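Please read the structure below before turning to the comments.
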Amino acid sequence: MSLSYFLIQTLNGVQYGFLLFLVASGLTLVFGIMGVINLAHGAFYMVGAYLAWWFARATGSFVLAVLLALPITVLLGLLIERFGIRHLYARDHLHQVLFTYGLILILNEVQRVVFGNDVHGVAIPPLLAGSLPLTEAQSYPIYRLFISVACVAVAGALYLVIQRTRLGMVIRAGSTHREMVAALGFDIGRLFMVVFGLGVALAAFAGMIAAPVNTVYPGMGDQILIISFVVVVIGGIGSIKGAFVGAMLVGIADTYGRVLLPTGAGVVVYAVMALVLLWRPQGLFGRMA
Amino acid sequence: MPHLSRAALTALVLATGFLALFPLWGDTFYIRFVTKIMVYALFAMSLDLLVGYAGLVSLGHAAFFGIAVYAVAGLVNKAGVTSAFVLLPAALGASAMAAAAIGWLSIRTSGVYFIMITLALAQMLFYFFNDQKYWGGTDGMNIDQRPTLALGDLTLLNFGSRLQLYYLALACLAGAFVLLAVLLRSPFGHALVGIRANEGRMRALGYDVQRVKLIAFVIAGTLAGLAGFLEAARSTFATPALLGWHESGHVLVLVILGGMGTLYGPVLGAFVVLLLEDYFATLTDRWLLIMGVFVIAVVMFLPDGLAGLFRRVASLARGRGRSAGDG
Numbered sequence: 001m002s003l004s005y006f007l008i009q010t011l012n013g014v015q016y017g018f019l020l021f022l023v024a025s026g027l028t029l030v031f032g033i034m035g036v037i038n039l040a041h042g043a044f045y046m047v048g049a050y051l052a053w054w055f056a057r058a059t060g061s062f063v064l065a066v067l068l069a070l071p072i073t074v075l076l077g078l079l080i081e082r083f084g085i086r087h088l089y090a091r092d093h094l095h096q097v098l099f100t101y102g103l104i105l106i107l108n109e110v111q112r113v114v115f116g117n118d119v120h121g122v123a124i125p126p127l128l129a130g131s132l133p134l135t136e137a138q139s140y141p142i143y144r145l146f147i148s149v150a151c152v153a154v155a156g157a158l159y160l161v162i163q164r165t166r167l168g169m170v171i172r173a174g175s176t177h178r179e180m181v182a183a184l185g186f187d188i189g190r191l192f193m194v195v196f197g198l199g200v201a202l203a204a205f206a207g208m209i210a211a212p213v214n215t216v217y218p219g220m221g222d223q224i225l226i227i228s229f230v231v232v233v234i235g236g237i238g239s240i241k242g243a244f245v246g247a248m249l250v251g252i253a254d255t256y257g258r259v260l261l262p263t264g265a266g267v268v269v270y271a272v273m274a275l276v277l278l279w280r281p282q283g284l285f286g287r288m289a
Numbered sequence: 290m291p292h293l294s295r296a297a298l299t300a301l302v303l304a305t306g307f308l309a310l311f312p313l314w315g316d317t318f319y320i321r322f323v324t325k326i327m328v329y330a331l332f333a334m335s336l337d338l339l340v341g342y343a344g345l346v347s348l349g350h351a352a353f354f355g356i357a358v359y360a361v362a363g364l365v366n367k368a369g370v371t372s373a374f375v376l377l378p379a380a381l382g383a384s385a386m387a388a389a390a391i392g393w394l395s396i397r398t399s400g401v402y403f404i405m406i407t408l409a410l411a412q413m414l415f416y417f418f419n420d421q422k423y424w425g426g427t428d429g430m431n432i433d434q435r436p437t438l439a440l441g442d443l444t445l446l447n448f449g450s451r452l453q454l455y456y457l458a459l460a461c462l463a464g465a466f467v468l469l470a471v472l473l474r475s476p477f478g479h480a481l482v483g484i485r486a487n488e489g490r491m492r493a494l495g496y497d498v499q500r501v502k503l504i505a506f507v508i509a510g511t512l513a514g515l516a517g518f519l520e521a522a523r524s525t526f527a528t529p530a531l532l533g534w535h536e537s538g539h540v541l542v543l544v545i546l547g548g549m550g551t552l553y554g555p556v557l558g559a560f561v562v563l564l565l566e567d568y569f570a571t572l573t574d575r576w577l578l579i580m581g582v583f584v585i586a587v588v589m590f591l592p593d594g595l596a597g598l599f600r601r602v603a604s605l606a607r608g609r610g611r612s613a614g615d616g
């Protein structure tokens with residue numbers, strides 16, 4: 001195996017890691033601030049991807065598709081928050097698990113009814129279609145680099161919003177001192193709605209930009225959800241920094257696992273998680289509950 | 290074990306009597322179907338020990354159910370072993386070992402962590418069977434022969450007979466109920482419930498909290514393995530979906546709908562949900578959609594499950610004034 005081969009695999013791992021970070025940061029944000037465990041997070045990834053595929057086919061433009069599909073998915077998420085999840089804030093995690101499990105059943109079936117059981121490819125936008133030559137024989141697709149860049153941009157924007165804006169200040173305060181924030185006159189209900197919408201947007205956007213590489217297929221949301229759980233468990237629940245480190249670890253471990261251990265690839269990331277848990281049960285950046 | 294009222298005890302005895310007599314008039318299809326329901330009821334009851342009593346919400350319980358099915362499938366197909374004297378201990382042993390390993394890792398945490406970790410580790414076992422050609426991959430594998438139970442030439446139990454399988458499942462279900470009820474009345478059971486109520490205090494009292502939790506986890510996993518053994522004998526088919534997280538979520542629905550922390554609630558839940566699923570499936574191919582709505586409705590309107598509903602109705606019947614102390 002040549003050096004450039006390893007370079008390509010590492011780039012793939014990092015790109016997958018960035019994508020996982022987008023999904024997992026939404027999951028960890030919703031849990032860290034709202035205390036809600038959302039199994040349907042992966043379903044929003046799927047909804048985003050399917051809508052992007054459908055709009056891309058209808059309009060012929062992937063960029064336009066993302067611009068249309070993102071608000072629709074977020075709106076769907078907000079409706080679910082308003083009429084369902086909002087009633088579960090004070091309830092046991094068990095009920096949140098069951099409620100969002102029911103949501104998955106519904107969204108997966110609706111996906112099958114509306115879009116069918118086929119796997120669909122999404123065309124890469126022409127602007128990003130080429131590849132960069134690494135050696136005479138090997139090259140790296142520009143679109144995969146674009147995914148990394150887009151994820152970094154979103155992560156940077158997320159960081160700025162949370163660390164530098166008034167809204168971010170309230171979100172940070174709300175994650176540790178919910179009652180105090182409410183007592184100071186902030187509308188916690190609205191804050192939670194914003195956070196939930198943000199989480200949905202992150203998952204949906206990840207599903208959309210991954211679609212040209214990973215295709216869209218039934219059950220895609222379940223798979224990403226469980227990997228995101230692994231990421232969050234490794235990084236520590238509620239920690240954005242942890243989500244980033246966990247996502248990179250899982251992205252790279254999974255990619256190399258597929259190359260080096262083709263028959264045991266599915267197990268590798270879980271083994272990494274088990275090792276981290278042995279060392280730090282609360283995750284790398286988690287606070288002890 | 291909650292103190293069963295006289296009425297509840299009577300209901301349980303009547304229900305068991307009904308199940309024992311059901312084959313007298315039930316047709317072949319329903320005898321098979323009720324056997325399946327009882328297997329899932331046993332599976333759900335084992336989860337109730339964790340969710341309802343220990344306060345451990347496991348979202349990976351299907352792993353212990355499925356691994357027992359694969360233990361039977363492996364021994365029958367790859368080694369030609371069919372004696373239940375070997376298959377049953379092997380199935381229970383596989384589940385117990387998996388539960389010990391997963392439990393050991395996951396009980397170090399609690400709350401949402403516990404939910405996510407049990408889910409992820411169970412999914413690891415799912416991929417183990419799903420990815421290997423040896424185990425039949427995604428398609429799973431048929432189990433070539435049903436188990437046999439014989440002493441010399443004397444057949445003690447014919448697993449091919451739908452009636453004998455029915456009564457075996459009923460006996461296992463009733464046996465597990467009695468076992469768990471006795472266990473929960475023992476000092477161990479009180480320690481378990483005490484840990485859920487106040488872990489710190491139990492630790493201060495000198496209990497080895499982690500050990501109690503781990504033992505409960507292994508008992509629950511082993512009973513799920515018993516259900517898995519029956520499932521293998523019943524369906525003669527092993528598929529990775531049996532270990533998958535949809536199955537874990539499904540069995541959690543049975544526990545919650547029936548009423549957790551009651552032992553009989555999950556049995557009730559299994560009957561209601563599996564019969565409803567069967568009915569919905571005759572209406573439409575999209576029955577999972579209806580199930581999703583049903584699950585959400587249960588969470589919203591029936592958080593204490595059917596057992597809680599019965600208790601409420603019973604206390605209303607006894608007089609509104611005295612209902613506050615009930616339950």
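Protein sequences appear in the order of chains A and B.
Counting from 1, position 100 in the first sequence corresponds to residue 100 in this note's numbering; the numbering is continuous, with no gaps.
Positions in the second sequence are counted from 1; adding 289 to them yields this note's numbering.
Glycine included, every Cβ here is placed at the ideal spot set by N, Cα and C.
Quick caveat: nothing in here was measured; it's all calculated off a predicted structure.
Using the beta-carbon of each residue, which ones in chain B are nearer than 7 Å to A:Thr263?
As a first step, residue 263 of chain A must be located in the first sequence, where it is residue number 263. What A:Thr263 touches in chain B: Asp420, Gln421.
Out of A:Ser228, A:Tyr256, A:Ala271, which one is the CA nearest neighbour of A:Val14?
Walking along the first sequence from the start, residue 14 of chain A turns up at place 14. Per the Cα distances, A:Tyr256.
N- and C-terminal bounds of the beta strand (DSSP E) containing B:Asn447:
Indexing the second sequence from 1 puts residue 447 of chain B at position 158. Unbroken beta strand (DSSP E) run through B:Asn447: 443-447.
Check whether A:Leu277 and B:Ile396 have beta carbons under 8 Å apart:
Position 277 of the first sequence, counted from the first residue, corresponds to residue 277 of chain A. Position 107 of the second sequence, counted from the first residue, corresponds to residue 396 of chain B. The answer is no: Cβ separation not under 8 Å.
Among residues of its own chain, excluding the 5 on either side of B:Ala333, which ones have a beta-carbon nearer than 8 Å to its beta-carbon?
Translated into positions along the second sequence, residue 333 of chain B becomes position 44. Val540, Leu543, Val544, Gly547, Pro555, Val556, Gly558, Ala559.
Measure the C-alpha to C-alpha separation of B:Ala383 and A:Leu76 and round it to an integer number of angstroms.
Indexing the second sequence from 1 puts residue 383 of chain B at position 94. Indexing the first sequence from 1 puts residue 76 of chain A at position 76. If you take the alpha carbons of B:Ala383 and A:Leu76, they lie about 43 Å apart.
Could you check whether the region 32-52 of chain A touches the region 64-81 of chain A, counting it as contact only if at least three pairs of C-beta atoms, one from each stretch, sit closer than 8 Å?
yes
Within the same chain, show all residues whose beta-carbon is closer than 8 Å to that of A:Thr215, passing over the 5 residues directly before and after it, in chain order.
For the purposes of this step, residue 215 of chain A is taken as the residue at position 215 of the first sequence. Only Val119, His120, Gly121, Val122 meet the Cβ criterion.
Looking at the C-beta of A:Phe31, does it have a partner C-beta in chain B at a distance below 8 Å?
Within the first sequence, the letter at position 31 stands for residue 31 of chain A. So yes, A:Phe31 belongs to the interface.
How is A:Leu145 classed by DSSP in three states: helix, strand or coil?
Position 145 of the first sequence, counted from the start, is the residue given in the question as residue 145 of chain A. Helix, per DSSP.
Do you know whose CA, among B:Gly483, B:Pro476, B:Gly478, B:Phe518, lies nearest B:Ala373's CA?
Here residue 373 of chain B refers to the residue found at position 84 when the second sequence is read from its first residue. Of the candidates B:Gly483, B:Pro476, B:Gly478, B:Phe518, the one whose C-alpha sits nearest the C-alpha of B:Ala373 is B:Phe518.
Quick check on DSSP: helix, strand or coil for A:His120?
The sequence position of residue 120 of chain A within the first sequence is 120, counting from 1. A:His120: strand per DSSP, three-state reduction.
From the beta carbon of A:Met273, is the nearest beta carbon of chain B less than 8 Å away?
Stepping through the first sequence from its first residue, residue 273 of chain A is reached at position 273. For A:Met273, the answer is yes, since a Cβ of chain B falls inside 8 Å of its Cβ.
Between the alpha carbons of B:Arg575 and A:Tyr217, how many angstroms are there, rounded?
Taking the first residue of the second sequence as position 1, residue 575 of chain B is located at position 286. Taking the first residue of the first sequence as position 1, residue 217 of chain A is located at position 217. Using only the alpha carbons, I get a separation of about 18 Å.
Does the separation of the CB atoms of B:Ala385 and B:Val507 fall below 8 Å?
Working through the second sequence from its first residue, we reach residue 385 of chain B at position 96. Working through the second sequence from its first residue, we reach residue 507 of chain B at position 218. Cβ distance < 8 Å, so B:Ala385 and B:Val507 count as in contact.
Which class does A:Tyr89 belong to by DSSP, given the choice of helix, strand or coil?
Numbered from its first residue, the first sequence carries residue 89 of chain A at position 89. Correct three-state label for A:Tyr89: coil.
Considering only DSSP beta bridges, list what A:Met208 is partnered with.
Locating residue 208 of chain A in the first sequence gives position 208, counting from the first residue. Answer is none; A:Met208 lacks a bridge partner.
Closest residue to A:Val126 among A:Asn117, A:Gly116, A:Gly185, A:Pro141 (Cα-Cα distance)
By one-based count along the first sequence, residue 126 of chain A stands at place 126. The sequence shown places Pro at residue 126 of chain A, not Val. For A:Pro126, the nearest C-alpha among the options comes from A:Pro141.
Quick one: what's B:Ala439 bridged to in DSSP?
Within the second sequence, the letter at position 150 stands for residue 439 of chain B. Answer is B:Thr444.
Grab me the residues of A:Leu19's own chain with a C-beta within less than 7 Å of its C-beta, minus the 5 sequence neighbours each way, in chain order.
Numbered from its first residue, the first sequence carries residue 19 of chain A at position 19. Answer for A:Leu19: Ile147, Cys151, Ala206, Ala210, listed in chain order.
For B:Gln434, decide whether its Cβ has a neighbour in chain A, counting only Cβ atoms nearer than 8 Å.
Looking up residue 434 of chain B in the second sequence gives position 145. So no, B:Gln434 is outside the interface.
Just the C-alpha distance for A:Met169 and A:Gln163, rounded to the nearest angstrom, thanks.
By 1-based counting over the first sequence, the position of residue 169 of chain A is 169. By 1-based counting over the first sequence, the position of residue 163 of chain A is 163. One C-alpha to the other measures close to 7 Å.
Per DSSP, which one or two residues make a beta bridge with A:Tyr16?
On the first sequence, position 16 is the one that residue 16 of chain A refers to. A:Tyr16 is not bridged to any residue.
Residues that B:Trp534 contacts on chain A, provided the C-beta gap is smaller than 8 Å:
For the purposes of this step, residue 534 of chain B is identified with residue 245 of the second sequence, where counting begins at 1. Ordered by position in chain A, the residues that pass the 8 Å Cβ test against B:Trp534 are Asp222, Ile226.
Give a yes or no on whether the C-beta atoms belonging to B:Gly478 and B:Met491 are separated by under 8 Å.
Within the second sequence, residue 478 of chain B is the residue found at index 189, counting from 1. Within the second sequence, residue 491 of chain B is the residue found at index 202, counting from 1. No. Outside cutoff.
Member of B:Leu331, B:Thr299, B:Ser294, B:Phe354 whose CA lies at the smallest distance from the CA of B:Leu531:
For the purposes of this step, residue 531 of chain B is taken as residue 242 along the second sequence, with counting starting at 1. Residue B:Phe354 is the option with its Cα nearest to B:Leu531.
By Cβ distance below 7 Å, which residues in the same chain neighbour B:Phe311 in space, the five residues on each side in sequence not counted?
For the purposes of this step, residue 311 of chain B is identified with residue 22 of the second sequence, where counting begins at 1. Contacts found: Val323.
Interface residues of chain A facing B:Arg575 [CB-CB closer than 7 Å]
Locating residue 575 of chain B in the second sequence gives position 286, counting from the first residue. Per Cβ cutoff of 7 Å: Glu109, Val113.
Chain B residues whose Cβ lies nearer than 7 Å to that of A:Pro281
Locating residue 281 of chain A in the first sequence gives position 281, counting from the first residue. What A:Pro281 touches in chain B: Arg397, Thr398.
Rounded separation between B:Leu577 and A:Arg112 - CA only
Within the second sequence, the letter at position 288 stands for residue 577 of chain B. Within the first sequence, the letter at position 112 stands for residue 112 of chain A. Taking the straight line joining both Cα atoms gives about 11 Å.
Counting only beta-carbon atoms, is A:Ile72 nearer than 8 Å to chain B?
The residue given as residue 72 of chain A occupies position 72 in the first sequence. Not closer than 8 Å to any Cβ of chain B, the Cβ of A:Ile72 fails to qualify, so no.
Which residues does DSSP list as the beta-bridge partners of B:Pro476?
Your numbering for residue 476 of chain B matches position 187 in the second sequence. In DSSP, B:Pro476 forms no bridge with anything.
Helix, strand or coil for A:Ala173 per DSSP?
Working through the first sequence from its first residue, we reach residue 173 of chain A at position 173. Three-state result, A:Ala173: helix.
Determine the closest residue to A:Leu145 out of A:Pro281, A:Ala69, A:Gly17, with distance taken between C-alpha atoms.
In the first sequence, residue 145 of chain A corresponds to position 145, counting from 1. The shortest C-alpha separation from A:Leu145 is found at A:Gly17.
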